[in-house]
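All residue numbers for the sequence shown refer to our numbering, where the first residue is 523 and numbers rise by one.
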Amino acid sequence: MAGTLEGWSRRLKPRRDLRGPIPRLWLVTDPVRLPDPCTAAARLPRGSGVLARGLKAPVLARLRHIVRRRGLVLLLGGDPATALRTRCGLHLPDRADPPRLNAFLAARRRGAPWARLSLAVHGRAAVRRARRLGADFGFVSPAFATASHPGAPGLGALRWGQLAAGLGRPAVALGGVGDATAGRLPRQWLAGLAAIGALRR
Numbered sequence: 523m524a525g526t527l528e529g530w531s532r533r534l535k536p537r538r539d540l541r542g543p544i545p546r547l548w549l550v551t552d553p554v555r556l557p558d559p560c561t562a563a564a565r566l567p568r569g570s571g572v573l574a575r576g577l578k579a580p581v582l583a584r585l586r587h588i589v590r591r592r593g594l595v596l597l598l599g600g601d602p603a604t605a606l607r608t609r610c611g612l613h614l615p616d617r618a619d620p621p622r623l624n625a626f627l628a629a630r631r632r633g634a635p636w637a638r639l640s641l642a643v644h645g646r647a648a649v650r651r652a653r654r655l656g657a658d659f660g661f662v663s664p665a666f667a668t669a670s671h672p673g674a675p676g677l678g679a680l681r682w683g684q685l686a687a688g689l690g691r692p693a694v695a696l697g698g699v700g701d702a703t704a705g706r707l708p709r710q711w712l713a714g715l716a717a718i719g720a721l722r723r
C-alpha cells in the first residue's frame with residue numbers, strides 16, 4: 523500500500539516554498555492509530571515529510587534521528603515551544619492559537635530555514651487563518667471518509683478542490699487518502715498526499 527501511495531505522490535508536480543521543496547508524501551502520526559511512527563518513517567523515500575502529533579518525548583527523539591538520517595521534513599502538531607527548541611516546522615490544528623506561536627512566527631520572519639508552518643484546513647475560516655498567518659501550505663481535510671473520524675463525511679473531490687483553490691498556497695490532501703482515492707483529487711491544486719493507515723504497514 524505504501525508503495526502505491528508513493529507512486530501517486532510521484533505523479534504530482536513538485537512545489538516549493540521559501541524553505542525548499544514541499545514533500546509530496548506525508549506520514550501523519552496519531553496518538554491512537556500510530557503512536558510510534560519510527561518504523562514507518564524509516565521506510566519513507568528521501569524528501570518525504572512527517573507530521574508528528576501527540577508523540578511522547580522518547581518517541582519524538584527517535585523520530586528526529588530518523589528524520590535527520592533519512593533527509594525528511596518534520597512538522598510538530600500544535601506545539602510551538604517544542605518546535606522552537608528542536609528547530610522543527612510547526613503544524614497548527616483547527617483551534618485557538620497555542621502559546622508561543624508568536625515566538626515561532628518571529629523565527630520565521632527572521633528567516634529560520636527550519637521554521638515551516640502548515641495549517642489544518644477544514645473550511646473557509648481556516649483558509650482565512652492560513653492567509654493571515656502566512657502559512658507555507660495547508661493540509662486540507664478530510665478529503666474522504668476516514669478511520670480517524672468514523673461516520674464523519676469527507677469533503678469529496680469537488681469540495682476539496684474548492685478549498686484547495688481558495689487557499690492560495692500549496693494544498694496537501696489528508697483523510698481517507700489511499701490507492702483507491704488519491705487519483706480522484708484535482709491535481710492542479712494538489713501538492714502532496716498524507717496518510718496514517720496507508721503508510722503505517
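Beta carbons are placed, not taken as given, at the ideal position from N, Cα and C, and that holds for glycine.
Task: Residues bridged to Arg538 [DSSP beta-bridge criterion] - done: The residue given as residue 538 occupies position 16 in the sequence shown. According to DSSP, residue pairing for Arg538 in a beta bridge involves Pro543.
Task: Span of the beta strand (DSSP E), counted from its first residue to its last, around His613 - done: Within the sequence shown, residue 613 is the residue found at index 91, counting from 1. Per DSSP, His613 belongs to the beta strand (DSSP E) from Gly611 to Leu614.
TODO: Compare the beta carbon distance of Ala686 and Pro675 with 8 Å and say whether it is the shorter of the two.
DONE: Here residue 686 refers to the residue found at position 164 when the sequence shown is read from its first residue. Here residue 675 refers to the residue found at position 153 when the sequence shown is read from its first residue. No, the Cβ-Cβ distance between Ala686 and Pro675 is not below 8 Å.
- [ ] Would you mind giving the Cβ-Cβ distance between Pro664 and Gly697, rounded to the nearest angstrom? I have them listed as a contact below 8 Å.
- [x] The residue you call residue 664 lines up with position 142 of the sequence shown. The residue you call residue 697 lines up with position 175 of the sequence shown. Taking the Cβ atoms as the reference, Pro664 lies roughly 3 Å from Gly697, within the contact range of under 8 Å.
TODO: Keeping to the same chain, check which residues put their C-beta closer than 7 Å to that of Ala524; ignore five residues upstream and five downstream.
DONE: Translated into the one-based positions of the sequence shown, residue 524 becomes position 2. Any answer about Ala524 is weak, because its pLDDT of 46 lies below 50 and its placement is not dependable; what the coordinates show is given next. Excluding its 5 nearest sequence neighbours in each direction, Ala524 has C-beta neighbours in its own chain below 7 Å: Arg565, Ala720, Leu721 and Arg723, listed in chain order.
Task: Integer-rounded CB distance, given that Asp601 should sit under 8 Å from Pro620 - done: On the sequence shown, residue 620 is found 98 positions in, with the first residue counted as 1. On the sequence shown, residue 601 is found 79 positions in, with the first residue counted as 1. Beta-carbon to beta-carbon, Pro620 and Asp601 are separated by about 7 Å, close enough to satisfy the 8 Å threshold.
Task: Buried versus exposed, by CB contacts within 10 Å (16 or more), Pro559 - done: Position 37 of the sequence shown, counting from 1, holds the residue named residue 559. Result: buried.
- [ ] Mark Leu707 as exposed unless 16 or more other C-beta atoms lie within 10 angstroms of its C-beta, in which case mark it buried.
- [x] The count along the sequence shown starts at 1 and reaches residue 707 at position 185. The residue in question, Leu707, is buried, as its Cβ has 16 or more Cβ neighbours within 10 Å.
Task: Where Phe666 falls: helix, strand or coil (DSSP) - done: For the purposes of this step, residue 666 is taken as residue 144 along the sequence shown, with counting starting at 1. Annotated three-state conformation of Phe666 is coil, per DSSP.
Task: First and last residue of the uninterrupted alpha helix (DSSP H) at Leu685 - done: For the purposes of this step, residue 685 is taken as residue 163 along the sequence shown, with counting starting at 1. Taken as a continuous stretch (DSSP letters only), the alpha helix (DSSP H) holding Leu685 covers Gly678 to Leu689.
Task: Cβ pair Phe626, Val643 closer than 8 Å - done: On the sequence shown, residue 626 is found 104 positions in, with the first residue counted as 1. On the sequence shown, residue 643 is found 121 positions in, with the first residue counted as 1. Not in contact: Phe626 and Val643 (Cβ atoms no closer than 8 Å).
Task: Same chain only: Cβ atoms within 8 Å of Trp530, ignoring 5 sequence neighbours per side - done: As a first step, residue 530 must be located in the sequence shown, where it is residue number 8. Residues of the same chain with a CB within less than 8 Å of the CB of Trp530, apart from the 5 flanking positions on each side, are Asp701, Ala704, Gly705 and Leu715 in chain order.
Task: Whole-angstrom distance between Leu623 and Ala603, CA atom to CA atom - done: Within the sequence shown, numbered from 1, the residue matching residue 603 stands at position 81. Within the sequence shown, numbered from 1, the residue matching residue 623 stands at position 101. The straight-line gap from Cα to Cα measures roughly 8 Å.
- [ ] Using 10 angstroms around the beta-carbon of Thr551, count the other beta-carbons present and answer buried if the total reaches 16, otherwise exposed.
- [x] As a working mapping, residue 551 is identified with position 29 in the sequence shown. Looking at its Cβ environment, which holds 16 or more other Cβ atoms inside 10 Å, Thr551 is buried.
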